[in-house]
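Working notes, structure below.
Shown next as structure tokens:
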């Protein structure tokens, strides 16, 4: 243990240099919430010189609904419809984490088949989120058609979700004790067909995006995250893996059935927008392979739900826990504290964009051209709803 | 991990140690030793990743309980450090020199709970709420339902299906 | 040609602006727009109904179901609906779901910058009565107390087919002549402003965002 040198003091942030903003050399503009060039609803207060950014402050809070306060007012079972709405593009991770935190604190066992179904759901939602992401990344650099293809294909995956759970976007499928329903008849054939089509689409996307001269020129060298920035700025997920760290919550702290699946952690060499895009593309292929593995290895029959005690009068003994999962953006964490009553004491949600979109973005955006800001934000895969919940 | 914690108990005043899961531990430490302990954990013990910094309002003890959740990538261990601070004068030392993104967590705690971290950059700027003039909203004595019904214009005609009141009306229609 | 009677023009206070800023913003009170004769207005309403350009502002959750509308499967372009990046070029403002206080200020600003005639569609149950965030300290409960709303679409969130059905309903209303949303806002200007200012505490923009 003593041989570890912490690298946290070697990176000097650029954003702390003092600039004279009254000298007339700088223009202040807002890239505000209503802008096609920001991912979702956040705004950037930029000081620019020419067309280069010299300082940026991010403003979030346009989507704040006060989830954590609302969750303290509702019983444990009433929180389930609320929890999936925290992260709009990828709601399943939230359901899974809340369910597993409650199960851990209450001591409820989950049957085998339910764990497999949960893993299947998580991987499908990761794939859907990545499809939406690559549409945004290509669109930020001018390749708008890719977004149309991927959103259309994501619709087929949402159709599968609707068949399985009843809702296209918000599923409310993973309850404490298991899942709500079993796979319908013929679901596996339809699923494998959609996955095969997604794979063909990915090969098309590779030809269009990664062999494109404009994309290569604009994405290389944009938003470089160096190795010593990763721990200091709390970078997680594909952003950190592209910098060379082999960190994946599915391997570090396995959950659901990931300990029984075979897959490797994909890493990159130097984290710039190009490398991150490449890495996420490979992770999409990995998701498809994992879904095929899950469908092969899942046990054919079995109970999928362990009924918890009367949910309207359910009291959970006092305790605290921290559970995490790997969503398409990185490490997603839930910190749940109970105090023996019918209501949760504190539920704190840690989205991966919390660290990426505020301090990291303000650091990386210095000396970036205004036209590339959108590309930078999408390459970090920031999603504002999980920052301010 | 147990040996590491035993050693730490000798140097820092750690009050309690709890193993929650196979690789998740929670310890409670006194306020004066909190930041030195975190520094030690980050630089020497290998807990280089700060996942979360949040607070729980323990209004019955008149305290705030801060929780720092750290992760060690070498040993794959999650460690939660709980620190109790006073509720009437909530001030705590900042850790933004160890992890830069802690500044964001600390800004949010300042706005939501009222816990101030004086050395943290941009600490008193509003992070999420705009034009907020009431008490910090995440405290236990802030009633969000009353605030919403008072300030915003609720549409009349909303009925409640609260099971407790429904069963009470059904079983005891004439009152207790 | 009649001389324009400029003495009847009313002016707004713009109390939220500092003195150097007051010279930069227009402080005239908006006046309702007139409609032309019956047949001309009928022709214009037909053309307005068939080219509804929406403002590309995803204010809440509901925006996630707006993106599939633009793909080939649901294809809103065949109805003449196209997303525009600026309020100056759009006709319909879709409020997708809940609106927090911070977003409401920007909604008011964008709505006032749109040109007459303009329409508002409220998506989801959060615009009707607050939805599942009814007791939240940061989301509004009734949208029509702040800006006039033409059509509500229920659901959480509504499917793309429901959104297209909502657009059809809006088109029928426009063809029948219910195009006076902007005039309703201007005629009840004081009431809307009072409601908005009760919610939005730091009003550092002009009273009417021309």
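Protein chains in written order, with this note's numbering: chain A, 1 to 389; chain B, 1 to 176; chain C, 1 to 210.
Quick reminder that beta carbons are idealized off the backbone N, C-alpha and C, glycines included.
Between residue 89 of chain B and residue 66 of chain B the beta-carbon gap is near 14 Å, outside 8 Å, which marks them as no contact. Membership of residue 333 of chain A in the beta strand (DSSP E) is indicated by the continuous run 331 to 338. With 16 or more other CB atoms across the displayed protein chains lying within 10 angstroms of its CB, residue 383 of chain A is buried. With contacts defined by Cβ atoms closer than 8 Å, residue 91 of chain A and residue 208 of chain A do not form a contacting pair. Closest in C-alpha terms to residue 101 of chain C, from the list B:13, B:93, B:131 and B:40, comes B:131. Contact residues of the segment 351 to 369 of chain A toward chain B are 354, 355, 358 and 359 (C-beta to C-beta distance below 7 Å). Taking CB atoms only, residue 67 of chain C has a neighbour in chain A less than 8 Å away. Taking C-beta separations shorter than 8 Å and ignoring five residues to either side along the sequence, the partners of residue 49 of chain A in its chain run 25, 26 and 27, following chain order. By the neighbour-count criterion, in which a residue is buried when 16 or more other Cβ atoms sit within 10 angstroms of its Cβ, residue 344 of chain A is buried.
Judged by DSSP in its simplified three-state form, residue 271 of chain A adopts strand. Taking a 10 Å sphere around the C-beta of residue 260 of chain A, we find fewer than 16 other C-beta atoms and assign the residue as exposed. Within the segment 73 to 92 of chain B, those residues whose Cβ lies closer than 7 Å to any Cβ of chain A are, in chain order, 73, 76, 78 and 80.
Cβ-Cβ separation between residue 150 of chain C and residue 173 of chain C: approximately 6 Å, consistent with a contact (criterion under 8 Å).
The beta carbons of residue 277 of chain A and residue 379 of chain A sit about 7 Å from each other, so the pair counts as a contact at 8 Å. Distances from the CA of residue 199 of chain A to each of A:183, A:167 and A:154 were compared; the closest alpha carbon is that of A:154.
Following the DSSP letters along the chain, one finds residue 378 of chain A inside the alpha helix (DSSP H) bounded by residues 373 to 380. Scanning chain B for C-beta atoms nearer than 7 Å to the C-beta of residue 346 of chain A yields 56, reported in chain order. A straight line joining the alpha-carbon of residue 127 of chain C with that of residue 63 of chain C spans about 14 Å. Each residue's CA atom was taken as its position, placing residue 342 of chain A and residue 229 of chain A some 42 Å apart.
Leaving aside the five residues that flank residue 288 of chain A on each side, the residues in its chain whose CB is nearer than 6 Å to its CB run, in chain order, 195 and 199. Using a 10 angstroms sphere on the CB of residue 210 of chain C, the tally of other CB atoms stays under 16, which defines it as exposed. Residue 130 of chain C reaches chain B at 148, 152, 154, 155 and 158, counting residues in chain order whose Cβ is nearer than 9 Å. Interface annotation for the segment 97 to 126 of chain A against chain C: empty, criterion Cβ-Cβ distance under 9 Å. Runs of beta strand (DSSP E) with 3 or more residues, each lying fully within the segment 52 to 93 of chain C, are found at 53 to 55 and 82 to 84, listed in chain order. Nearest neighbour of residue 63 of chain B by Cα position, chosen from B:84, B:97, B:151 and B:113, turns out to be B:84.
Counting the other CB atoms within 10 Å of its CB gives residue 388 of chain A a total of 16 or more, which places it among the buried residues. For residue 68 of chain B, no alpha helix (DSSP H) encloses it; the enclosing beta strand (DSSP E) starts and ends at 63 to 72. Contact between residue 144 of chain C and residue 148 of chain B is ruled out by a C-beta separation of about 17 Å, above the 8 Å threshold. Straight-line measurement puts the Cα of residue 258 of chain A at about 6 Å from the Cα of residue 250 of chain A. With respect to the 8 Å criterion, residue 63 of chain A and residue 385 of chain A are classified as neighbours on the basis of their beta carbons. When 9 Å is used as the limit between beta carbons, residue 34 of chain B is near no residue of chain A, the shortest such separation being about 17 Å.
At a cut-off of 8 Å between beta carbons, residue 101 of chain C contacts chain B. Pairing residue 202 of chain A with residue 281 of chain A, the inter-Cα distance amounts to about 8 Å.
Contact with chain B is absent for residue 31 of chain C, since none of that chain's Cβ atoms lies less than 8 Å from the residue's Cβ.
Check the Cα spacing between residue 40 of chain A and each of C:26, C:96, C:21 and C:76: the tightest is with C:96. Shown here, residue 102 of chain B sits in a helix according to DSSP, grouped into three states.
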